[in-house]
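Residue numbers (the numbering used here): 242 to 549.
Using N, Cα and C, we set each Cβ at its ideal position, and we do this for glycine too.
First comes the structure, then the notes that go with it.
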């Protein structure tokens, strides 16, 4: 299988030739290949050939890093117009090898600081205004995602975070009122256009697991073990309805022993792999400051156990 075929098979809950892997974001490219991926500001002020050259240069770095890592999907971390140009450049370099994804959410996430108070008050005092805002955000996401799919993108990571380690920032009842219907609409639109949707959220998703699954994403991402989410339990509960991505313990990778990393990766492969529908990944991202060798240690477990 090609990486893209392998990833799609897993997202559709099938059994590929081996367990695919990817990361929502990979921040260790400088340690891996001595070069980093571009961010939006790196393209500011560039036009014409200079912009074309920069996009192509960045696409080459993306393909080099993710080929070396043996990832099956690439999530492009740029604003939409640059995502579209990068998709074209990656196709020019590597053909249709990878499943290409970008951010595509448009639902309320955990607010920052005082925003939590403001949103909480508004949900009680003016719920219809909040729902109108949610609908506008949803419509904007659907339109943006539709355009990117027409430009050749394959799918989206929906990255609004809903949960703390203790549970969702809204009660399940409020989540059902202010978030879930709009998430379901965004995912339905992606599916209608032949795209793939992976819903990401950190934290303890268990109180809203049924609602996330009912929104009909192809996969759930993070499955945060630091919040007590157990891939074995989630697979038992909903593995026949949705694919699963992640659950390798990021804190163990940063501060645990090497055996802790091996144990976490082994647990994920042991319980995520059977029957297909699993994508190996960390429970967040390989973040800047994480020793590259710790991520490579987790990948070594994946390589040892990945074949079906």
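- Beta-carbon to beta-carbon, residue 263 and residue 312 are separated by about 5 Å, close enough to satisfy the 8 Å threshold.
- In the structure shown, residue 547 falls within a coil segment according to DSSP collapsed to helix, strand and coil.
- Its chain contains 265, 398, 399, 400, 462 and 463 as the residues whose beta carbon lies nearer than 7 Å to that of residue 441, once the 5 sequence neighbours on both sides are disregarded; these appear in chain order.
- Residue 396: member of the beta strand (DSSP E) spanning 396-399, first to last residue.
- Beta-bridge pairing by DSSP links residue 489 to 523.
- For residue 361, there is no enclosing beta strand (DSSP E); the enclosing alpha helix (DSSP H) has its first and last residue at 356-366.
- With a 10 Å radius around the Cβ and a threshold of 16 neighbouring Cβ atoms, residue 247 comes out buried.
- Under the 8 Å Cβ criterion, the segment 302-316 does not count as touching the segment 364-373, having fewer than three qualifying pairs.
- DSSP places residue 351 in the coil class of the three-state scheme, outside both helix and strand.
- Exclusion of the five residues before and after residue 491 leaves 523, 524 and 525 as the residues of its chain whose Cβ lies within less than 6 Å of its Cβ.
- One thing to note: residue 547 has its Cβ no nearer than 8 Å to the Cβ of residue 254.
- In the three-state reduction of the DSSP assignment, residue 278 falls in the coil class, being assigned neither a helical nor a strand state.
- Here DSSP, grouped into helix, strand and coil, assigns residue 341 to strand.
- One alpha carbon belongs to residue 422, the other to residue 444, and they sit about 21 Å apart.
- Looking at 380, 534 and 432, the one whose alpha-carbon comes closest to that of residue 496 is 534.
- No residue range can be given for residue 446, since it is assigned to no beta strand (DSSP E) and is classified by DSSP as neither H nor E.
- In this structure, the beta-carbon distance from residue 456 to residue 424 falls below 8 Å.
- Collapsing the DSSP output to three states places residue 332 in a helix.
- With fewer than 16 other Cβ atoms from the protein chains shown falling within 10 Å of its own Cβ, residue 412 counts as exposed.
- The Cβ-Cβ distance between residue 379 and residue 468 does not fall below 8 Å.
- For residue 505, the enclosing alpha helix (DSSP H) stretches over residues 499-513.
- Here residue 299 is not near residue 338, since their CB atoms are 8 Å or more apart.
- Judged by DSSP in its simplified three-state form, residue 541 adopts helix.
- Per DSSP, the unbroken beta strand (DSSP E) holding residue 438 starts and ends at 437-441.
- Counting along the chain, residue 303 sits inside the alpha helix (DSSP H) bounded by residues 289-310.
- Following the DSSP letters along the chain, one finds residue 461 in no alpha helix (DSSP H) but inside the beta strand (DSSP E) bounded by residues 460-463.
- Between the alpha carbons of residue 340 and residue 477 lies a gap of roughly 27 Å.
- Setting aside the 5 residues that flank it on each side, residue 428 is surrounded in the same chain by 399, 438, 440, 456, 457 and 458, each with a C-beta closer than 8 Å to its C-beta; the list follows chain order.
- In the structure shown, residue 256 falls within a coil segment according to DSSP collapsed to helix, strand and coil.
- Taking 8 Å as the cut-off, the Cβ atoms of residue 273 and residue 309 count as close.
- Residue 503 holds the alpha-carbon nearest to the alpha-carbon of residue 538 among 498, 503 and 387.
- The criterion of a C-beta distance shorter than 8 Å is satisfied by residue 460 and residue 252.
- According to the DSSP secondary-structure assignment, residue 409 is paired through a beta bridge with 404.
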